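Some notes on the structure that comes next.
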């Protein structure tokens, strides 16, 4: 019989997609050049040339039967080995291919983990603000999400709230740094404290509390003094959900991986549960063409100077106009405090000036808007007068 | 806490994949030319030239930002429109893009449907023999699968068993024709009778009983007098789960669609539930490159004469040697009765002659082996003496 839960997930679609669809429709009405759409995190930079070159080479040189064949569900051995080598070398954290499952982006990896480590009645702690889809994945896995707010103005973790939220029902905790929607990077001291608390709680409750690190923006960091610690080195019961969507500007192709830390207790059993979860969702394998692409592109990056320029331009202007903005070290988002308590009202006022932002309620943290700056620098420049007028309309 | 169900799905992996892995290891030991691996349904024909040409053209001519961008979760409008046009024209069954969700193959579509239309305690009827993964999908959706055997020797539906299995708990019925593992096509008379029974039962129980048509092999039919009826034209509450894996020989790329029949009651609500299920599984979209490929390749096919030759050769030889084989009109499988009751014992004897078959127990129908003939014709020829010796060893 039709599932009301699934129907509700389908009908109340992601607000970001809705605003983005409005932007497309509005562009058709008044011209794309007149709509300042900062709603969706769809990279505007072309993939590095090696992506096209490698894909064309594979298509023209490789036997098509082998190129497009089913791969093992976990991924091609050579690809998993290449990724394992990259992780081992880059993070000085030794892993083998046996810890790696090649996935259709980080979202798939997240859904697999939640279904693997959650049972009915379990709780998963989310640090707000967070990616809109986490609560959907958690609820579908039969668990309940528990929000823990950040501290302001630094957008780190409110540890009092975290300690209060932790319980013997806590199955997992999700970290996303650089953060979507805030662009903030969690400091090493924050993460050390988080891991220490988790270790103590694990001892107290006598079962694993998994740390799930969602890392689509790991390599999009714009300040040289900012580093993104590698969590498996800090806490044994860690999963890493990684995506190549942003690094390689191929978000529509769905390529990423799940790492089950080899330091995790019974990690092979946990890996089997993740593989089992993938199987129940009908995952057969990640695109074989894009798997073959990966070894040649592990160190490739889009031109990050463009995103850095956009960030500097927009952050500089918005703070100058009087907006309060979270310190944006990474990803391609600014998190701007709404000048009035209701972020939807602010969103509507910006929309009336053809500026499309995302009100933050669905990120579990009301009172802000997200500004995606993965757009043309020129468009940002042309949007500034509108932002300035908005600020003035609030008397900032 | 770790899910035992998921762990068990991960550890007890699909037997086909296991035998295929053995085949690869054995090939490394004694040479691929000496291993007659009929285990996996991995197409051995190259994709039609249009696949390579179109992919290279897209990569070299299209803006990479647009080419690799996120698409709507349901798929690109132009792609959905093209598929809707193809279905409308080919099956004389009018559909619009609103009924179509572009998926990562038929498996994803199946998983979506089961999660959308099943609730805890529901039952799903599977006609044995069936694809090994159906029971996994059904159980993950909280439902229970109920097996209904086929009739012999024609491998149609045992309607007495079907009537006995139908109940007010029946949420869905799965049909797969041409069938994996048997290669048998269900006759129109069989399907008419099935649909009539379902219609009557729907009226009796007062809720929809969905018919799920899993169609990865729809276009792989080798006899001119055999047709595959289009089920949405026969029964309103029908889903079609389609895959381009076999038609285009791109199984590793994951491309297919879900059709929610527009004749279904409340089809838009049902579609929303399928979309919601996709969301919970972390599906963001199907590979954007392969979506762009599709409109140019809707009528492309691999060279089916090769599969037909293989079928004729193998079916002719095996029946001549005395084996009992289901009439193989489509797909690329033969379903051969084990000369002894235990198909595993027969599998082992074949294996000792380097012939790899799949015992049928995991297809829900013991006592047979599946022979996948999507292999080189020459390899089939060279395997025949082994099959003959096997038959003789049983005194056939």
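Protein chains in written order, with this note's numbering: chain F, -16 to 379; chain L, -16 to 379. All residues carry an ideal CB built from backbone N, CA and C; glycine is no exception. Please read all numbers here as calculations on a predicted model, not as lab measurements.
Q) What are the complete alpha helix (DSSP H) segments, minimum 4 residues, inside the stretch 23 to 83 of chain L? A) 32 to 44, 47 to 50 and 60 to 73
Q. What residues in its chain sit with their C-beta under 6 Å from that of residue 215/L, if we drop five residues either side in the sequence?
A. In the second chain, the residue the question calls residue 215/L occupies position 232. 76, 221 and 244, listed in sequence order.
Q. Taking 7 Å as the CB-CB cut-off, is residue 41/F touching chain L?
A. Along the first chain, read from residue 1 onward, the residue named residue 41/F stands at position 58. It does not: the Cβ of residue 41/F has no partner Cβ on chain L nearer than 7 Å.
Q. My guess is that residue 347/F and residue 113/F are in contact by the Cβ rule of under 8 Å, so how many angstroms apart are they, rounded?
A. For the purposes of this step, residue 347/F is taken as the residue at position 364 of the first chain. For the purposes of this step, residue 113/F is taken as the residue at position 130 of the first chain. The C-beta distance from residue 347/F to residue 113/F rounds to 5 Å, short enough to fall under 8 Å.
**Q.** Assigned secondary structure, residue 177/F (DSSP; H/G/I helix, E/B strand, else coil)
**A.** Counting from 1 along the first chain, the entry for residue 177/F is found at position 194. It is helical.
Q: Give a yes or no on whether the C-beta atoms belonging to residue 273/L and residue 241/L are separated by under 7 Å.
A: Locating residue 273/L in the second chain gives position 290, counting from the first residue. Locating residue 241/L in the second chain gives position 258, counting from the first residue. No, Cβ-Cβ distance for residue 273/L and residue 241/L is not below 7 Å.
Q.
residue 178/L and residue 218/L - do their beta-carbons sit closer together than 7 Å?
A. Reading the second chain from its first residue, position 235 is the one you call residue 218/L. Reading the second chain from its first residue, position 195 is the one you call residue 178/L. Closer than 7 Å, so yes.
Q | Uninterrupted alpha helix (DSSP H) stretches inside the stretch 266 to 311 of chain F (no shorter than 4 residues) | A | 271 to 280 and 287 to 304
(Q) So, under 8 Å CB-CB, residue -14/F and residue 146/L are touching, yes? Tell me the CB distance rounded to an integer number of Å. (A) The residue given as residue -14/F occupies position 3 in the first chain. The residue given as residue 146/L occupies position 163 in the second chain. The Cβ separation is near 27 Å, so there is no contact.
Q) Roughly how many whole angstroms lie between the Cα atoms of residue 184/L and residue 132/L? A) Numbered from its first residue, the second chain carries residue 184/L at position 201. Numbered from its first residue, the second chain carries residue 132/L at position 149. Approximately 19 Å, taken between the alpha carbons.
(Q) Using a Cβ distance threshold of 8 Å, determine whether the stretch 251 to 270 of chain L contacts the stretch -11 to -3 of chain F, with at least three qualifying pairs required. (A) yes
Q: Check whether the Cβ of residue 263/L lies closer than 7 Å to any Cβ atom in chain F.
A: Locating residue 263/L in the second chain gives position 280, where the first residue counts as 1. Yes, its Cβ sits closer than 7 Å to a Cβ of chain F.
(Q) Just to make sure I have the definition right: I need the residues of chain F whose C-beta is within less than 9 Å of the C-beta of residue 48/L. Which are they? (A) As a first step, residue 48/L is located in the second chain; it is residue number 65 there, counting from the start. Residues of chain F passing the Cβ test: 25, 26, 27, 28, 29, 30 and 232.
**Q.** Buried/exposed call for residue 380/F, threshold 16 Cβ in 10 Å
**A.** Outside the displayed range of chain F (-16 to 379) lies residue 380/F, so it cannot be described from this structure.
Q.
Tell me the DSSP secondary structure of residue 127/L in three-state form.
A. Within the second chain, the letter at position 144 stands for residue 127/L. In this structure, DSSP gives residue 127/L an extended state, which the three-state scheme calls strand.
Q | Proximal residues of chain L, C-beta to C-beta of residue 102/F below 7 Å | A | Counted from its first residue, the first chain places residue 102/F at position 119. Correct list: -16 and -14.
Q) Between residue 269/L and residue 87/L, what straight-line distance do the alpha-carbon atoms span, to the nearest angstrom? A) Along the second chain, one-based indexing puts residue 269/L at 286. Along the second chain, one-based indexing puts residue 87/L at 104. Whole-angstrom Cα-Cα distance: 6 Å.
(Q) Please tell me whether residue 351/F and residue 315/F are closer than 7 Å, where the distance is taken between their beta carbons. (A) Residue numbering aside, residue 351/F sits at position 368 when the first chain is read from its first letter. Residue numbering aside, residue 315/F sits at position 332 when the first chain is read from its first letter. No, the pair does not count as a contact, with Cβ atoms beyond the cut-off.
Q: Would you verify that the beta carbon of residue 144/F is, or is not, closer than 7 Å to some beta carbon of chain L?
A: What you label residue 144/F is simply residue 161 of the first chain in a count that begins at 1. False, the Cβ-Cβ gap to chain L never drops below 7 Å.
Q | Inter-residue CB distance, residue 224/F and residue 290/F (contact presumed, cutoff 8 Å) | A | Walking along the first chain from the start, residue 224/F turns up at place 241. Walking along the first chain from the start, residue 290/F turns up at place 307. No, residue 224/F and residue 290/F are not in contact; Cβ-Cβ is about 21 Å, not under 8 Å.
(Q) Below 8 Å on C-beta distance, what does residue 246/F contact in chain L? (A) Counting from one through the first chain, the residue named residue 246/F turns up at place 263. Neighbours of residue 246/F on chain L: none; closest Cβ ~16 Å, over 8 Å.
Q | C-beta atoms of residue 107/F and residue 126/F nearer than 7 Å | A | Translated into the one-based positions of the first chain, residue 107/F becomes position 124. Translated into the one-based positions of the first chain, residue 126/F becomes position 143. With a cutoff of 7 Å on beta-carbon distance, residue 107/F and residue 126/F are scored as near each other.
(Q) I want to know whether the stretch 290 to 305 of chain F touches the stretch 361 to 376 of chain F - three or more CB-CB distances under 8 Å. (A) yes
Q: Compare the C-alpha of residue 286/L against each of 12/L, 130/L, 24/L and 32/L and name the closest.
A: Numbered from its first residue, the second chain carries residue 286/L at position 303. Looking at the Cα atoms, 32/L is the closest of the given residues.
Q) Roughly how many angstroms lie between the CA atoms of residue 38/L and residue 308/F, to the nearest whole one? A) Translated into positions along the second chain, residue 38/L becomes position 55. Translated into positions along the first chain, residue 308/F becomes position 325. Going from the Cα of residue 38/L to the Cα of residue 308/F covers about 43 Å.
Q: Indicate whether at least one CB of chain L lies closer than 7 Å to the CB of residue 277/F.
A: Here residue 277/F refers to the residue found at position 294 of the first chain. Cβ-Cβ to chain L under 7 Å: no for residue 277/F.
Q.
I need the boundaries of the alpha helix (DSSP H) containing residue 353/F, first residue and last residue.
A. Taking the first residue of the first chain as 1, we reach residue 353/F at position 370. Note, residue 353/F: premise wrong, no alpha helix (DSSP H); beta strand (DSSP E) at 351 to 355.
Q. So the beta strand (DSSP E) residue 337/F belongs to, where does it begin and stop?
A. Taking the first chain and counting its residues from 1, one reaches residue 337/F at position 354. Here residue 337/F belongs to no beta strand (DSSP E), and DSSP marks it neither H nor E.
Q: Note the first and the last residue of the continuous beta strand (DSSP E) segment covering residue 320/F.
A: If you number the first chain from 1, residue 320/F lands on position 337. Residues 316 to 320.
Q: Kindly indicate if chain F contains any beta-carbon less than 7 Å away from that of residue 129/L.
A: Your numbering for residue 129/L matches position 146 in the second chain. Answer no: the Cβ-Cβ gap between residue 129/L and chain F never drops below 7 Å.
**Q.** Run of the beta strand (DSSP E) containing residue 106/F, from where it starts to where it stops
**A.** Within the first chain, residue 106/F is the residue found at index 123, counting from 1. Per DSSP, the continuous beta strand (DSSP E) segment holding residue 106/F begins and ends at 106 to 111.
Q | Nearest neighbour of residue 141/L, chosen from 155/L, 196/L and 109/L [CA to CA] | A | For the purposes of this step, residue 141/L is identified with residue 158 of the second chain, where counting begins at 1. Cα-wise, what sits closest to residue 141/L is 109/L.
(Q) According to DSSP, is residue 344/L part of a helix, a strand, or is it coil? (A) Numbered from 1 along the second chain, position 361 holds the residue referred to as residue 344/L. Helix, per DSSP.
Q: Answer with yes or no whether the minimum CB distance from residue 290/L to chain F is below 7 Å.
A: In the second chain, the residue the question calls residue 290/L occupies position 307. It does not; no Cβ of chain F falls within 7 Å.
Q: Could you tell me the distance, in whole angstroms, from the CA atom of residue 334/L to the CA atom of residue 63/F?
A: On the second chain, residue 334/L is found 351 positions in, with the first residue counted as 1. On the first chain, residue 63/F is found 80 positions in, with the first residue counted as 1. Approximately 30 Å between the Cα atoms of the pair.
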